[in-house]
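Numbering (this note's numbering), first residue to last: 4 to 168.
Okay, so here's the structure we're looking at.
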């Protein structure tokens, strides 16, 4: 892998401390009470950088637009995961993993149990990828990148595979 494929931070040993600490902490979570379908109070959590229910809305918009002949959308269980901080930078590969995990969580797909609870943070995903390398899974990625833990280096499909192995 050429260093250009690792993005503008290819030679970075560690991302800025403020960014690392924010990503380690994860997004802001709001907890509030709502009435459930049976009239009882239910505790509801909303995550600042996650948006649920976008796909059904996009579906309705596309159905009303007569200029659209075909559209392929992901499952309605997928949550959009955006940046936590305005100046965060890239991490699009990690956001894609987070959205895949949101599908596994929302659709209760077989094997969803490793992802119960919150979507893993970027730092947690880096730890999972590094652990995969330590277990001997696609170790060439570690050699090519020099490691990704605590950096803003781009990741690819072989790193995504480690999360799901």
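All C-beta atoms in this analysis are idealised placements derived from N, C-alpha and C, irrespective of residue type, glycine included.
Nothing here was measured: the structure is a model prediction, and the numbers come from that model.
- In the structure shown, residue 48 falls within a strand segment according to DSSP collapsed to helix, strand and coil.
- In this chain, the alpha helix (DSSP H) harbouring residue 103 covers 95-110.
- Rounded to whole angstroms, the Cβ separation of residue 25 and residue 87 is 6 Å, and the two are in contact under 8 Å.
- If you draw a 10 Å sphere on the C-beta of residue 18, you find 16 or more other C-beta atoms in it, and that means buried.
- Residue burial is scored here from C-beta neighbours: residue 38 has fewer than 16 other C-beta atoms within 10 angstroms and is therefore classed as exposed.
- Residue burial annotation: residue 162 is buried, with at least 16 other C-beta atoms found within 10 angstroms of its C-beta.
- Excluding residues up to 5 positions away in sequence, 71 and 74 lie with their Cβ nearer than 6 Å to the Cβ of residue 65 in the same chain.
- Residue 89: not part of any beta strand (DSSP E); DSSP gives it neither H nor E.
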